[in-house]
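Just so we're aligned, residue 1 is where the sequence shown starts under this note's numbering, counting upward by one.
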Amino acid sequence: MEDLIRRIGFAKVFIDNGMCRMGPQLDAASAVDRRLVRFAGRATQLSDAVVALCRQGHPSEALPVLRQLGETAASLCWLAAGPSEDRARALAKESEDAAWSALWPQERFLSRAQESGFAESARQVLDLCRDFVDGGTLTLPWAHVFEGRGARGGLCAKKVLELAAAMMGHVLKALGRRWPGDFPGAEQVWPP
1 MEDLIRRIGF AKVFIDNGMC RMGPQLDAAS AVDRRLVRFA GRATQLSDAV
51 VALCRQGHPS EALPVLRQLG ETAASLCWLA AGPSEDRARA LAKESEDAAW
101 SALWPQERFL SRAQESGFAE SARQVLDLCR DFVDGGTLTL PWAHVFEGRG
151 ARGGLCAKKV LELAAAMMGH VLKALGRRWP GDFPGAEQVW PP
């Protein structure tokens, strides 16, 4: 678990260092640059929250945060793959129109993850929904008398952290695509 937490921490350091390096190149008028920077910042905050919840023994409660980290990574990769003002405007509109009931459309997430090369990780994140809904059943006294552990045998923090680390690797890979040479060494945390 600690290795995965360090990997996520390294990803955040690479993001910070890369942003410091390429910051002077940012175009304040560019909707693409604005959105990419916002997504990168959001990814670092979300990964912090996933780590904190997993360290406290609450991997099930980290799942909605992981889902948003996945959505953020997929959107950032989608934008970096085809940096167009149209994509940036579409993402800005999604942000402006955000509603809890429409926050996480599976089709959009899978489509962007597929285009960005991490559809399998996205499917794994989506498959954890039941673990969130049924999570925490073993925290009560005598809950062990019931068959199984949660929805499907219990959820371990390692799985959640593996997926969070993979998402942060995708974020870094996309940032490096947009600003080549400004995120040196980041390939160390890229997903396989």
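Virtual Cβ for every residue (Gly too), placed ideally from N, Cα, C.
Check your understanding: Do you know whose CA, among Ala-29, His-170, Cys-156, lies nearest Glu-61's CA?
Key -> Cys-156
Review point. When you compare each of Leu-63, Ile-8, Leu-46 to Asp-134 by their alpha carbons, which one comes out closest?
Key: Leu-63
Point to revise | Alpha carbon of Phe-118 to alpha carbon of Gly-18, nearest angstrom | key: So the two alpha carbons sit approximately 23 Å from each other.
Check your understanding: For Ala-113, does the count of other Cβ atoms within 10 angstroms reach 16, so buried, or fall short, so exposed?
Key -> buried
Check your understanding: Buried or exposed: which applies to Leu-175, given that a residue is buried once 16 or more other Cβ atoms fall within 10 Å of its Cβ?
Key -> buried
**Study point:** Endpoints, the alpha helix (DSSP H) within which Leu-91 is located
**Key:** 85 to 96
Review point. Exposed or buried, Lys-93, counting other C-beta atoms within 10 Å across all chains shown (16 or more means buried)?
Key: exposed
Point to revise | Span separating the alpha-carbon of Ala-164 from that of Glu-115 | key: Cα-Cα distance, rounded: 19 Å.
Review point. Taking just the CA atoms, how far does Ala-102 sit from His-58?
Key: The straight-line gap separating the alpha-carbon atoms of His-58 and Ala-102 is approximately 25 Å.
**Study point:** Of the residues Gly-185, His-170, Gly-181, Ala-49, the one placed nearest Leu-76, counting alpha carbons only
**Key:** Nearest C-alpha to Leu-76: His-170.
Review point. Does the distance from the CB of Leu-79 to the CB of Val-65 come in under 7 Å?
Key: The answer is no: Cβ separation not under 7 Å.
**Study point:** Expected contact under 8 Å - CB spacing of Leu-110 and Ala-122 to nearest Å
**Key:** 6 Å
Review point. Ser-75 by DSSP, collapsed to three states: which one?
Key: helix
Review point. Is the beta carbon of Cys-54 less than 7 Å from the beta carbon of Leu-161?
Key: yes
Review point. By Cβ distance below 6 Å, which residues in the same chain neighbour Arg-21 in space, the five residues on each side in sequence not counted?
Key: Excluding sequence neighbours, Arg-21 sits near Asp-182.
Check your understanding: Helix or strand or just coil, what does DSSP make of Gly-117?
Key -> The answer is coil: DSSP assigns Gly-117 none of H, G, I, E or B.
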